[in-house]
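> Every position in the sequence shown, counted from 1, becomes a number in this note's numbering once 323 is added.
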Amino acid sequence: MSARATQVPPFTALAPIYERVGFADLALQTVRRYLAYALEQGWAGRRILDIGCRTGAASWWLAEQGYRVTGVDEVPALIKVASARLTTRELTLNSAPEFVECDLRALDTIPGPADLVLAMDGVLHAANSLRDLETILAGMYSLLDAGKGVIFDMETIGGLAASAAIDTVTLYDDPQELTVLAQPRFNFETLSRTTHLMIWQRAEGGWQRADEVHSARGYPVQAIRTVLERCGFELHALLAPDMQPLDPAADPPARVVFVAAK
């Protein structure tokens, strides 16, 4: 397979095929667990914010459960795909999701309050520094109603490093139409995983290739806890992805679910 590579901004080529190659699957699995946990805490209420909603798969699922949902993402290509569902799918919902393009560091510009804020599938790794992460979490805090909660997950530094142990990963392969490969690398100096995506798609005139580079910055669990508390949150729980309690010091996990309340 040969084609000249064109480097494009993250999600530019990926957005239209995001769900086809399975990128939304984790969020769709995760949102069910997070909502069930929130219901146990009495946080679900009526309005839910889906931060880093990507193509909106989880937002639509939440809307189908009867919630008023706002999906937020900072990538125009992803919001375009999420919003396209408004005109292409049969609307049997009382309230379809609203999708907003917004820099995650400017969440305080979105109208509130919300009863529950979710950020799934490690979307907060987009924060390039602890200062940026604090700004994002402070924005979440400003959007929450008093006594309500936020649930988000992040890979640990060890988890990011372990996920980059394989040289090249085939994420999707349809020899007739589409192939997506990933080359992850971990930098111990910056505590960041960089993933080079190579996307081949058949089009008129033959195969076309687009390359994207995605970065995920890692942070110590204790640093994230400190930032949450500095923003005014009360840490409610640290959980494994299956929503069971964990002790990061005793058994370092690959991913931690943070649950905090306003």
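All residues carry an ideal CB built from backbone N, CA and C; glycine is no exception.
So, with DSSP's three-state summary, where would you put P399?
Looking up residue 399 in the sequence shown gives position 76. In the structure shown, P399 sits in a helix (DSSP, three-state: H, G or I).
> May I ask which residues mark the beginning and end of the alpha helix (DSSP H) holding E557?
Along the sequence shown, one-based indexing puts residue 557 at 234. Not the alpha helix (DSSP H): E557 falls in the beta strand (DSSP E), residues 557-562.
> With a Cβ-Cβ cutoff of 8 Å, do D396 and R428 count as a contact?
Against the sequence shown, residue 396 aligns to sequence position 73. Against the sequence shown, residue 428 aligns to sequence position 105. For D396 and R428, no; Cβs fall outside 8 Å.
> Does E478 pass the burial test, meaning 16 or more other C-beta atoms within 10 Å, or should it be called exposed?
In the sequence shown, residue 478 corresponds to position 155, counting from 1. Buried, because 16 or more other Cβ atoms sit within 10 Å of the Cβ of E478.
> How big is the Cα-Cα spacing for T513 and R540?
Working through the sequence shown from its first residue, we reach residue 513 at position 190. Working through the sequence shown from its first residue, we reach residue 540 at position 217. Answer to the nearest angstrom: the Cα atoms are 8 Å apart.
> Locate the beta strand (DSSP E) running through W530, then write down its first and last residues.
Within the sequence shown, the letter at position 207 stands for residue 530. Run containing W530: 529-540, per the beta strand (DSSP E) assignment.
> Looking only at C-alpha atoms, which of A526, R508, A437, T493 sits nearest to Q499?
The residue given as residue 499 occupies position 176 in the sequence shown. Minimum Cα distance to Q499 is reached at A526.
> Quick one: which unbroken beta strand (DSSP E) runs of 3-plus residues sit fully inside the stretch 354-381? Chain order, please.
The stretch 354-381 contains these whole beta strand (DSSP E) runs: 370-374.
> Quick check on the DSSP output: the beta strand (DSSP E) that includes L494 runs from which residue to which?
In the sequence shown, counting from the first residue as 1, residue 494 sits at position 171. Counting along the chain, the beta strand (DSSP E) containing L494 begins and ends at 492-497.
> Does the ligand FMN have even one heavy atom less than 7 Å from the beta-carbon of A328?
No copy of the ligand FMN occurs in the structure displayed, which carries no ligand at all.
> Suppose you measure from the CA of D496 to the CA of Y390; what does that come to, to the nearest Å?
Taking the sequence shown and counting its residues from 1, the one referred to as residue 496 is at position 173. Taking the sequence shown and counting its residues from 1, the one referred to as residue 390 is at position 67. If you take the alpha carbons of D496 and Y390, they lie about 36 Å apart.
> Going by alpha carbons, who is nearest to A469 out of P332, H448, P507, A583?
Mapped onto the sequence shown, residue 469 falls at position 146. Comparing Cα-Cα distances from A469 to each of P332, H448, P507, A583, the minimum goes to A583.
> Report buried or exposed for F511, applying the criterion of at least 16 other Cβ atoms within 10 angstroms of its Cβ.
Locating residue 511 in the sequence shown gives position 188, where the first residue counts as 1. Counting Cβ neighbours within 10 Å, F511 comes out exposed, since fewer than 16 surround it.
> Measuring only the C-alpha atoms, how far is V550 from Q531?
Along the sequence shown, one-based indexing puts residue 550 at 227. Along the sequence shown, one-based indexing puts residue 531 at 208. Roughly 43 Å between the two C-alpha positions.
> Is DSSP giving G481 helix, strand or coil here?
Along the sequence shown, read from residue 1 onward, the residue named residue 481 stands at position 158. Three-state DSSP puts G481 in a helix.
> By the DSSP assignment, the alpha helix (DSSP H) with L466 in it spans what residues?
By 1-based counting over the sequence shown, the position of residue 466 is 143. Looking at the DSSP string, the run of the alpha helix (DSSP H) that includes L466 is 453-466.
> Using only the alpha-carbon positions, how far apart do R369 and P575 sit?
Position 46 of the sequence shown, counting from 1, holds the residue named residue 369. Position 252 of the sequence shown, counting from 1, holds the residue named residue 575. R369 and P575: Cα-Cα distance of roughly 35 Å.
> With a cut-off of 8 Å on the beta carbons, I'd call M443 and V354 a contact; round off their distance for me.
Working through the sequence shown from its first residue, we reach residue 443 at position 120. Working through the sequence shown from its first residue, we reach residue 354 at position 31. M443 to V354, Cβ: 6 Å. Contact.
> My guess is that L439 and A367 are in contact by the Cβ rule of under 8 Å, so how many angstroms apart are they, rounded?
Working through the sequence shown from its first residue, we reach residue 439 at position 116. Working through the sequence shown from its first residue, we reach residue 367 at position 44. Contact flag correct, Cβ pair sits at about 6 Å.
> Do you know offhand how far L558's Cα is from A488's?
Taking the sequence shown and counting its residues from 1, one reaches residue 558 at position 235. Taking the sequence shown and counting its residues from 1, one reaches residue 488 at position 165. Those two C-alpha atoms are separated by around 32 Å.
> Which stretch, first to last residue, makes up the alpha helix (DSSP H) that contains R578?
Numbered from 1 along the sequence shown, position 255 holds the residue referred to as residue 578. Note, R578: premise wrong, no alpha helix (DSSP H); beta strand (DSSP E) at 578-584.
> With distances taken Cα to Cα, identify the nearest neighbour of A381 among L501, A573, A405, Q330.
What you label residue 381 is simply residue 58 of the sequence shown in a count that begins at 1. Comparing Cα positions, the closest option is A405.
> Measure the alpha-carbon distance for P507 versus T517 and round it to whole angstroms.
Here residue 507 corresponds to residue number 184 of the sequence shown, with the count starting at 1. Here residue 517 corresponds to residue number 194 of the sequence shown, with the count starting at 1. Taking the straight line joining both Cα atoms gives about 6 Å.
> Would you give the residue range spanned by the alpha helix (DSSP H) that A347 belongs to?
Here residue 347 corresponds to residue number 24 of the sequence shown, with the count starting at 1. First-last for A347: undefined, no H or E at that position.
> Quick check on this structure: which residue in W523, W383, V492 has the alpha carbon closest to the alpha carbon of S418?
Position 95 of the sequence shown, counted from the start, is the residue given in the question as residue 418. For S418, the nearest C-alpha among the options comes from W383.
> Please report the distance separating the alpha-carbon of T458 from that of E552.
One-based indexing of the sequence shown puts residue 458 at position 135. One-based indexing of the sequence shown puts residue 552 at position 229. Cα-Cα distance, rounded: 13 Å.
> So the beta strand (DSSP E) T549 belongs to, where does it begin and stop?
As a working note, residue 549 is residue 226 in the sequence shown. From DSSP, T549 is part of no beta strand (DSSP E) but of the alpha helix (DSSP H) over 544-553.
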